[in-house]
Every structure is written in C-alpha cells, then in structure tokens.
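Beneath this line is the structure, given in structure tokens, with notes to follow.
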Amino acid sequence: MKELIGDEFQVGRGKICLVKGDITEIETDAIVNAANSTLMGGGGVDGAIHRVGGPKVLEECKRIRAAEWPDGLPTGKAVITSGGNLKAKYVIHTVGPVWHGGNRGEPELLAEAYRNSLNLAVSRRLKTIAFPSISTGAYGYPIEKASRVALTTVKEFLEKEDKVDKVEFVLFSAYDLKVYRGAARGLL
Ligand code: AR6
C-alpha cells in the first residue's frame with residue numbers, strides 16, 4: 000500500500016508537504032514517532048514504527064532511557080535512534096501532550112514536541128523529516144486545533160532555519176489529510 004496524495008507549500012527555503020499514507024513506508028532522513036514517556040513502544044503510530052523498525056530501535060530506546068531519562072522522556076522533549084529496518088535512516092521519538100481540555104499548556108507542549116524534533120534533526124544535519132499527527136490519536140488532542148499548532152510551528156521553524164529541505168506530514172486517513180489541508184489554506 001503506497002498511497003501518496005497531497006499538497007506542497009514552499010516556506011522559506013524549505014517545503015511543507017501534506018500526504019496521506021503510512022509513515023513506516025516513508026523514505027526520508029527521519030520519521031518522528033508519537034511515543035509515550037516510557038519509550039518502550041505502545042499502540043498507534045508508535046506500535047507501527049517499532050513493529051517495522053524492529054529490535055534495534057527498542058534497544059536504542061532502552062539505552063537512552065537508562066543513560067539519559069531514567070524517569071521517562073518528559074512531554075515535549077525528543078530523542079533520536081537509528082531507523083532499524085525502516086526505510087527512514089532515523090527515528091526521532093517525541094512525546095506529545097495528553098489533551099485535558101486545552102488549559103494545561105497543551106498547545107505549547109505540542110509546539111515544543113515539533114520544535115525539539117526539528118532542532119534534533121538539524122543538529123544531526125538531517126534534511127528531510129516526516130511527522131505523524133502527534134497527540135491526535137490516543138492522546139485525544141482535537142485534530143482541528145492540533146493541525147494549526149503543528150503547521151504554525153513548522154512554518155515558523157522553516158522561516159528561521161534554512162538547513163531543512165522538506166517537512167512532510169504523513170496523515171493516516173483521508174479525513175486527517177482534509178483537516179490539515181484546511182488548516183494549511185489559512186496558515187501557509
Ligand atoms: N502512519 C501515520 N500515522 C499513523 C499511523 C501510521 N502508521 N498509525 C497511526 N497513525 P497515536 P498519540 C496516526 O495514537 O495521540 C501510543 O500508544 C493516528 O491515526 O499513534 O500521540 C503511544 O505509545 C493519529 O492520527 O499517537 C502513546 O502512548 C496519529 O497517528 C500514545 O499512543 C497519532 O495517534 C500517543 O498518542
């Protein structure tokens with residue numbers, strides 16, 4: 000299954016692309032995982048990435064936990080592992096916020112998850128990065144709101160940073176793609 004239908008927007012010297020698809024099939028420098036703070040895998044996109052990435056990804060997550068984050072990766076932070084058996088060279092694992100109604104810092108934490116993932120990619124000289132729609136599955140963040148935070152954060156990043164060529168949002172359903180398209184029309 001490789002269904003890639005979508006849009007492209009030039010922002011600064013980079014591009015933002017919206018596509019429908021499965022992020023585990025994307026060939027890119029890094030894909031981002033919407034993980035939880037344990038970094039030990041889970042459901043949703045996290046489960047899919049570990050399933051395809053294989054034991055190497057989990058081993059590296061365990062090492063990062065032991066060496067850097069014994070109590071778990073805090074919400075909004077990001078770490079990087081290799082891509083294991085994925086087509087992507089690296090996986091950037093970040094933790095989005097759980098939606099509690101919007102008054103517990105959710106927008107800022109979600110923006111942090113995107114920003115820290117992008118900064119990590121730049122620090123490793125990565126040029127292309129693919130995101131899922133962080134927090135809008137199990138974590139319950141309304142996708143209309145989350146898509147605006149995601150696109151605004153990436154746009155502001157690309158306006159300041161010229162070392163990233165392409166940021167792709169890989170949306171899992173036609174509805175999710177439609178929501179991101181609607182948000183992009185107003186923001187990009
Ligand atoms: N490719 C792209 N997007 C996907 C894929 C895929 N293969 N699979 C699911 N999605 P979620 P969260 C979409 O729940 O809300 C996990 O258990 C999905 O349709 O994966 O940040 C973690 O371990 C949705 O639009 O992540 C955490 O415990 C989006 O990815 C928790 O869920 C995010 O949904 C994180 O929750």
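Counted from 1, the sequence shown has number 178 at position 179 by numbering that gives the first Met the number 0; the numbering is strictly sequential.
In this text, a Cβ means the ideal position worked out from N, Cα and C, and glycines have one as well.
Check, Outcome
"Which of helix, strand or coil DSSP assigns to ASP6", "strand"
"Rounded distance between the beta-carbons of GLY13 and LEU157, thought under 8 Å", "4 Å"
"Cβ pair count under 8 Å reaching 3, the segment 128-145 against the segment 28-43", "yes"
"C-alpha distance - LYS1 paired with LYS162, whole-angstrom precision", "With a pLDDT of 41 at LYS1, under the threshold of 50, the modelled position of that residue is not reliable, and the figure given next carries that caveat. LYS1 and LYS162: Cα-Cα distance of roughly 28 Å."
"Buried or exposed by the 16-neighbour rule on C-beta atoms within 10 Å, applied to GLU58", "exposed"
"Closest Cα partner of GLN9 within the set LYS154, SER172 and PHE171", "LYS154"
"Distance cut-off 8 Å: ILE91 Cβ against heavy atoms of ligand 1", "no"
"Short Cβ contact (9 Å threshold) for LYS190 with GLU24", "Residue 190 lies beyond the residue range present for the chain, which begins at 0 and ends at 187; the question has no answer from this structure."
"Whether ALA110 touches THR152 by CB criterion (9 Å)", "yes"
"C-beta atoms of ILE128 and ILE91 nearer than 9 Å", "yes"
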